[in-house]
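K.L.:
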């Protein structure tokens with residue numbers, strides 16, 4: 198199944214909205230309403246959802262419960278993947294404290310840092326190891342996802358050492374640097390300065 | 198000038214790479230080399246750069262200096278925009294300390310928080326105001342960009358108050374919540390949990 202990136206992003210947004218609606222006791226929702234809340238065309242919403250085999254009833258809408266379950270199944274991790282976090286600075290701590298990460302499916306099993314004051318301690322309930330031991334710890338704990346929140350200069354080395362464990366399936370990189378990973382490992386990069394540059398660019402050129 | 202989002206992202210990447218090359222004393226660079234470092238096809242690189250009027254010489258490549266200056270002109274902010282930051286928690290502090298933001302063009306002029314211990318203090322050289330005063334402070338300081346790193350529950354209110362100043366041109370939102378902004382204000386959202394969900398999704402479906 199090949200799904201374009203913007204569709205995945207919308208799926209995650211539908212999923213979050215349906216969780217909110219479900220929490221509020223809603224039973225049905227229309228494509229118009231979903232579209233209005235998420236600033237999408239109703240036709241786009243219908244197209245996305247029908248692509249995944251879920252068709253709403255005309256004039257009735259979608260069952261919140263069954264649509265939520267359906268998208269949940271598409272997005273859910275097939276097992277409880279172990280996540281490692283390299284770099285427990287301000288950003289690393291922000292990531293650990295991030296509410297959306299505290300769900301069952303996001304399970305941090307090890308932290309890594311080079312700061313002697315942090316190594317050997319427990320931060321938000323998770324043990325912090327020396328970055329020097331990252332290969333062994335990732336292998337032992339069978340960690341499949343690594344989040345990288347170390348400075349740009351340290352990121353390539355940390356990632357190289359982590360990949361050597363042979364258990365990583367994906368990397369979520371926050372360091373503003375290009376990383377090289379093997380074909381079979383997925384890399385998603387979140388570059389905050391690129392987002393700010395984009396915003397500047399759009400503001401500057403929006404009236405052209 | 199309408200430029201597709203992925204192109205802007207690549208422009209920012211070219212810009213960063215050219216800065217690195219220039220710092221290292223390089224004079225020329227080929228589309229092949231740019232492509233290899235950034236994992237892009239050389240033909241894509243040539244297409245992007247020719248679109249902006251910069252043509253490399255066959256067999257010689259691009260002048261690092263002139264290509265850098267050229268892209269710099271496209272990306273540069275037309276004035277030194279003032280930036281405000283709402284929410285000086287872990288993520289807010291990470292943003293303030295983020296090396297790429299310490300350049301001349303990213304100028305923070307005010308911080309906002311609801312924590313009495315922070316209000317009235319100076320954090321990394323920038324004054325922290327009460328979030329209650331955000332409308333007035335943004336107007337007085339003529340702030341055009343607001344970064345939002347408050348929890349999801351507080352974000353809509355902060356943004357509404359900030360917009361009331363009438364000076365905002367753009368918002369960079371890190372709160373995992375949908376925000377409503379007027380047509381003329383640009384909104385870029387960075388949702389970390391969506392990026393992680395995307396990574397999970399791709400790993401799960403990559404062999405389909």
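Protein chains in written order, with my numbering: chain A, 198 to 405; chain B, 198 to 405. Ideal Cβ positions, reconstructed from N, Cα and C, are used throughout, including at glycine.
1. Between residue 340/A and residue 228/A, what straight-line distance do the alpha-carbon atoms span, to the nearest angstrom?
2. Consider the Cβ of residue 205/A: report whether some Cβ of chain B lies at a distance smaller than 7 Å.
3. Distance, Cα to Cα, residue 225/B vs residue 398/A?
4. Is residue 403/A helix, strand or coil by DSSP?
5. Using a Cβ-Cβ distance cut-off of 7 Å, determine whether residue 383/A contacts chain B.
6. Looking only at its own chain, which residues have a Cβ that is under 7 Å from the Cβ of residue 216/B, when we skip the five neighbours before and after it?
7. Count the other CB atoms within 10 Å of the CB of residue 199/B; is the residue buried (16 or more) or exposed (fewer)?
8. For residue 319/B, I'd like the list of residues in its chain whose CB is within less than 8 Å of its CB, leaving aside the five on either flank, ordered along the chain.
9. Near residue 387/A, what residues of its chain come up, given a Cβ to Cβ distance below 6 Å and the 5 sequence neighbours on each side ignored?
10. Given this structure, state the Cα-to-Cα distance separating residue 241/A from residue 351/A, to the nearest angstrom.
11. I want to see whether chain B comes within less than 7 Å of residue 393/A, judged by CB atoms only; does it?
12. For residue 214/A, collect the residues of the same chain with a Cβ closer than 7 Å to its Cβ; drop the 5 residues on either side in sequence, then sort them by chain order.
13. DSSP on residue 280/A, reduced to helix/strand/coil?
14. Going by beta-carbon coordinates alone, are residue 268/A and residue 212/A separated by less than 7 Å?
15. Compute the Euclidean distance between the alpha carbons of residue 401/B and residue 271/A, then round it to the nearest angstrom.
16. State the Cα-Cα distance for the pair residue 367/A and residue 281/A, rounded to the nearest angstrom.
17. Measuring alpha carbon to alpha carbon, tell me which of 379/B, 247/B, 338/B ends up nearest residue 356/B.
18. Among residues of its own chain, excluding the 5 on either side of residue 204/B, which ones have a beta-carbon nearer than 8 Å to its beta-carbon?
19. Comparing alpha-carbon positions, which option in 381/A, 391/A, 389/A, 377/A lies nearest residue 237/B?
20. What first and last residue would you give for the beta strand (DSSP E) that runs through residue 327/B?
21. Kindly identify the DSSP beta-bridge partner or partners of residue 378/B.
22. Using the beta-carbon count (16 or more within 10 Å), is residue 328/A buried or exposed?
23. Taking DSSP's pairing of strands, which residues face residue 310/A in a bridge?
24. Could you run through the region 203-234 of chain A and flag, in chain order, every residue whose CB is less than 9 Å away from some CB of chain B?
25. Does the separation of the CB atoms of residue 359/A and residue 389/A fall below 7 Å?
26. With a threshold of 7 Å between beta carbons, is residue 340/B in contact with chain A?
27. Does residue 272/A come within less than 7 Å of chain B when only Cβ atoms are used?
28. Would you give the residue range spanned by the alpha helix (DSSP H) that residue 341/A belongs to?
29. Rounded to a whole number of angstroms, what is the C-alpha to C-alpha distance between residue 257/A and residue 206/A?
30. For residue 346/B versus residue 288/B, is the C-beta spacing smaller than 7 Å?
31. As a quick exercise: from 285/B, 385/B, 348/B, 263/B, pick the residue whose alpha carbon is nearest that of residue 323/B.
32. Taking C-alpha atoms, which residue in 348/A, 382/A, 239/A, 309/A lies nearest to residue 396/B?
33. Name the DSSP bridge partner or partners of residue 305/A?
P.N.:
Let me spell this out:
1. Each residue's alpha carbon lies about 39 Å from the other.
2. At least one chain B Cβ lies under 7 Å of residue 205/A.
3. Across the structure, residue 225/B and residue 398/A are spaced so that their CA atoms are roughly 26 Å apart.
4. DSSP, reduced to helix, strand and coil, places residue 403/A outside both helices and strands of the structure shown, so it counts as coil.
5. Judged by the 7 Å Cβ criterion, residue 383/A is in contact with chain B.
6. Beyond the five residues adjoining it in sequence on each side, residue 216/B comes within less than 7 Å, by CB distance, of 265 in the same chain, given in chain order.
7. Unreliable positioning characterises residue 199/B in this predicted model, as indicated by a pLDDT of 46, which lies under 50. A coordinate reading is not provided.
8. 325, listed in sequence order.
9. Contacts found: 371.
10. So the alpha carbons of these two residues sit roughly 42 Å apart.
11. Judged by the 7 Å Cβ criterion, residue 393/A is in contact with chain B.
12. Once the five neighbours on either side are set aside, the close Cβ partners of residue 214/A are 231, 234, 235.
13. Residue 280/A falls in the strand class under three-state DSSP.
14. Yes.
15. The straight-line gap from Cα to Cα measures roughly 9 Å.
16. A direct Cα-Cα distance of roughly 11 Å separates residue 367/A from residue 281/A.
17. It is 379/B whose Cα lies nearest to the Cα of residue 356/B.
18. Excluding sequence positions up to five before and after residue 204/B, its CB lies within less than 8 Å of the CB of 245, 248, all in the same chain and listed in chain order.
19. Answer by Cα proximity: 377/A.
20. Membership of residue 327/B in the beta strand (DSSP E) is indicated by the continuous run 323-327.
21. None; residue 378/B has no bridge partner.
22. Residue environment for residue 328/A: buried (at least 16 other C-beta atoms within 10 angstroms of its C-beta).
23. The bridge partners DSSP lists for residue 310/A are 327/A.
24. Taking 9 Å as the cut-off between beta carbons, the residues of the region 203-234 of chain A near chain B are 205, 206, 208, 209, 210, 212, 213, 214, 234, in sequence order.
25. If you check the CB distance, residue 359/A and residue 389/A do not come in under 7 Å.
26. No, its Cβ sits nowhere closer than 7 Å to a Cβ of chain A.
27. Yes, contact with chain B.
28. In this chain, residue 341/A is not harboured by any alpha helix (DSSP H), its DSSP state being neither H nor E.
29. Spanning the two alpha carbons is a distance of roughly 26 Å.
30. Taking 7 Å as the Cβ cut-off, residue 346/B and residue 288/B qualify as a contacting pair.
31. In terms of Cα proximity to residue 323/B, the closest of 285/B, 385/B, 348/B, 263/B is 285/B.
32. Among 348/A, 382/A, 239/A, 309/A, the Cα nearest to that of residue 396/B belongs to 382/A.
33. Per DSSP, 280/A.
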